[in-house]
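Scroll down for the structure; my scribbles are underneath it.
2 protein chains.
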Amino acid sequence: MLTARDDLYPSRYGQQTQWLPRQDPVVHGAREDLLAAGWRLTDIEAFERDGFVVWNDVFDASEIQAMQTDALRMRTDAACCAAEAAITEPGGQALRSLFQIHASQALWQRVAQDDRLRARAQALLGDQVYIHQSRLNYKPAFHGQAFDWHSDFETWHTEDGMPRMRAVSMSVTLTANHAQNGPLMLIPGSHRQYITCLGETPQDHFKQSLQRQTFGVPSAEAIAQMVETLGLVTVEAAPGAVIVFDCNTLHGSNGNITPWARSNAFFVYNAMCNAVQDPYGPSATRPEFVASRAHITPIQAPTDPAPIAA
Amino acid sequence: MLTARDDLYPSRYGQQTQWLPRQDPVVHGAREDLLAAGWRLTDIEAFERDGFVVWNDVFDASEIQAMQTDALRMRTDAACCAAEAAITEPGGQALRSLFQIHASQALWQRVAQDDRLRARAQALLGDQVYIHQSRLNYKPAFHGQAFDWHSDFETWHTEDGMPRMRAVSMSVTLTANHAQNGPLMLIPGSHRQYITCLGETPQDHFKQSLQRQTFGVPSAEAIAQMVETLGLVTVEAAPGAVIVFDCNTLHGSNGNITPWARSNAFFVYNAMCNAVQDPYGPSATRPEFVASRAHITPIQAPTDPAPIAA
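Same order as they appear, the protein sequences are chains Z and E.
The numbering used here applies: residue 123 is where the first sequence begins, and numbers increase by one.
The numbering used here applies: residue 123 is where the second sequence begins, and numbers increase by one.
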């Protein structure tokens, strides 16, 4: 039984939904190190309280242009689209997500190394960091599908063997995110509880879950109760912002019928001391492009001092 | 060829998308008649310009309560749910729409007759009116699906044989409509153009179109171009408001993953002089519950002076 292993955050064992308290800090590093890395005091407090914070105007116009150009190139690049790391929309051929961009594409490696992301993640997590997952999310215009409510940590723990809550997601906005085009919605304060999910994980779950998640989604009752108490926040941001959220903050997004696509580049920084082990749930591991396992090395500051540019 | 008939608004003949000018007034009645019926001057002007207007606080708390109670009763009533007029969500059993409520349910007949709706529709359309279609829309929490962009008139003309643009929709909000739960989005000013749609209508199209529309949806290019020029408006309103929109105003809505359902009672008033004829598209007519044809009689003021109450 996998449950025999010391598992602080058990999930998907067929039991009733349980609300377990978080066993880990939210801010792991020393406050002075966060401030030195560029965190503002109010943002540290907001992140600790809400489980997320939005930094506007992190990237400038030329950097945004370079990222948008490269995202468009990859989207129409036959090799990129044919790769295992390319996930299409359910029932369609439109690209929904392209994974492992930090490892395969020079521009995105450079972005992942940038002080404004990496150094701030290091300070927050109080350790060297590596990229557990990276991807470009294209939410297409007109037919963009929803992402159901979930805690990333629940999946990373159960399916990838991430032991503790010591990882942070940074989502760089490449297009405007506004109320109408299926923006990210978060439940502020939800990161302080761990909601167990029902049902055992099927083998090869990732193939389907990357299109539309069904396991690892908390019950409707749990979400309703949490939103009733904590509310719901929609992130609206211009291109070049960074949405920073804790690995256990519940989030999701509606579909998008507007003519405005919603694209983000998404990087998950995990503390080196929190590197993945064997999964707590299914015996098989997920592929490398979804969860780094073979190449866990600290991500470093850029060696090339050149700015992010096309 | 059906095209041989005098058709001011041809659509779905396999041609390229065309932008045809509206051949009909937006406000058909005399301004003094609209004012006498309770229209405000600014609302008349807004409706003429934008193709819609939102009236807040039309129904009071006890009326809202009575409507909510009855909507809940019908949703859980086995006979209502088993009726042909009950449409479920795609891929599920949750009730999406319940049609013909003005004819089958006393409370909703009373609402349809109410001066605040019927008399104002009469004044706007400059004629006696009948109900072309009525329904309760339940957009469920968590799994509410999107409604794609469409002009109601395009369908009513092509599939039901409504000759001219002389009908108005009134949607009574039964729950809060806000930015997060898949609210109605409209393109202001879109009612002044008629965008032809592509593809011939399959037989029995209504069975599938009431779940998710594929024919009668303008091309993505046309929608994008229109939104670029005219913008997009999201309707946010408390329960008891009325969203009034012209039959040709382009509208749609995103799905809903929030815990908040979004329900509306929807009445389409058509001018008696504009009663449906043979369809301009397919030879078969749609069922009576979707489009009144057998019982076209003017809707009258309530005979029972009692208020709307449970």
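Every residue gets a Cβ at the ideal spot worked out from N, C-alpha and C, and that includes glycine.
All of these numbers come straight from a predicted model, not from anything done at the bench.
Distance cutoff 8 Å, beta carbons only. Does residue i sit that close to anything in chain Z?
i	result
residue 270 of chain E	yes
residue 317 of chain E	no
residue 297 of chain E	no
residue 148 of chain E	no
residue 349 of chain E	yes
residue 411 of chain E	no
residue 117 of chain E	No answer is possible for residue 117 of chain E: it lies beyond the span of chain E, which begins at 123 and ends at 432.
residue 125 of chain E	Bear in mind that the predicted position of residue 125 of chain E carries a pLDDT of just 47, short of 50, making it too unreliable to give a figure here.
residue 421 of chain E	no
Note down, in chain order, every chain Z residue with its Cβ under 9 Å from the Cβ of residue i.
i	result
residue 356 of chain E	301 and 302
Against chain E, with Cβ distances strictly below 8 Å, would residue i count as a contact?
i	result
residue 216 of chain Z	no
residue 342 of chain Z	yes
residue 346 of chain Z	yes
residue 388 of chain Z	no
residue 134 of chain Z	no
Using 8 Å for Cβ pairs, my map puts residue i next to residue j. What's the rounded Cβ distance?
i	j	result
residue 189 of chain E	residue 296 of chain E	6 Å
residue 344 of chain Z	residue 139 of chain Z	5 Å
residue 364 of chain E	residue 270 of chain E	Not confirmed; about 24 Å, so no contact.
residue 251 of chain E	residue 421 of chain E	6 Å
residue 235 of chain E	residue 428 of chain E	The Cβ separation is near 12 Å, so there is no contact.
residue 318 of chain Z	residue 132 of chain Z	7 Å
residue 101 of chain Z	residue 184 of chain Z	In the structure displayed, chain Z extends from 123 to 432; residue 101 of chain Z sits before or after that span and is not available.
Identify the contact partners of residue i in chain E, using a Cβ-Cβ distance below 7 Å as the criterion.
i	result
residue 228 of chain Z	The contacting residues do not exist; residue 228 of chain Z stays about 32 Å from chain E at best.
residue 374 of chain Z	379
residue 307 of chain Z	302
residue 264 of chain Z	342
Residues of chain C with CB under 8 Å from residue i, in chain order?
i	result
residue 359 of chain Z	Note that chain C does not occur in the displayed structure, where the protein chains are Z and E.
Could you work out which residue in the options is closest to residue i when comparing CA atoms only?
i	options	result
residue 248 of chain E	E/184, E/240 and E/424	E/240
residue 356 of chain Z	Z/303, Z/135 and Z/186	Z/303
residue 205 of chain E	E/383, E/244, E/191 and E/221	E/221
residue 227 of chain Z	Z/289, Z/197, Z/212 and Z/358	Z/197
residue 306 of chain E	E/315, E/294 and E/428	E/294
residue 154 of chain E	E/347, E/242, E/366 and E/235	E/242
residue 366 of chain Z	Z/178, Z/151, Z/141 and Z/145	Z/178
residue 229 of chain E	E/261, E/217, E/259 and E/195	E/195
residue 382 of chain E	Z/368, Z/346, Z/414 and Z/416	Z/346
residue 352 of chain Z	Z/323, Z/362 and Z/315	Z/315
residue 209 of chain Z	Z/257, Z/317, Z/370 and Z/132	Z/257
residue 192 of chain Z	Z/232, Z/212, Z/171 and Z/313	Z/232
residue 406 of chain Z	Z/146, Z/323, Z/224 and Z/253	Z/323
residue 219 of chain E	E/157, E/412 and E/425	E/412
residue 361 of chain Z	Z/142, Z/186 and Z/161	Z/186
residue 149 of chain E	E/414, E/163 and E/142	E/163
residue 174 of chain Z	Z/358, Z/309 and Z/409	Z/309
residue 385 of chain E	E/259, E/276 and E/369	E/259
residue 274 of chain E	E/389, E/372, E/128 and E/172	E/372
residue 134 of chain E	E/277, E/350 and E/161	E/277
residue 129 of chain Z	Z/369, Z/341 and Z/287	Z/287
residue 350 of chain E	E/397, E/398, E/312 and E/255	E/312
residue 261 of chain Z	Z/212, Z/290 and Z/224	Z/212
residue 290 of chain E	E/207, E/408 and E/255	E/255
So with CB distances below 9 Å, who are the chain E contacts of residue i?
i	result
residue 174 of chain Z	Those do not exist, as residue 174 of chain Z stays about 16 Å from chain E at its closest Cβ, beyond 9 Å.
Report yes or no: do three or more beta-carbon pairs, one from the stretch 392-406 of chain E and one from the stretch 194-212 of chain E, lie closer than 8 Å?
-> No contact exists between the stretch 392-406 of chain E and the stretch 194-212 of chain E.
Is the number of C-beta pairs between the stretch 395-413 of chain Z and the stretch 266-281 of chain Z that are closer than 8 Å three or more?
-> yes
When the Cβ atoms of the stretch 369-380 of chain Z are set against those of the stretch 260-274 of chain Z, are three or more pairs found closer than 8 Å?
-> yes
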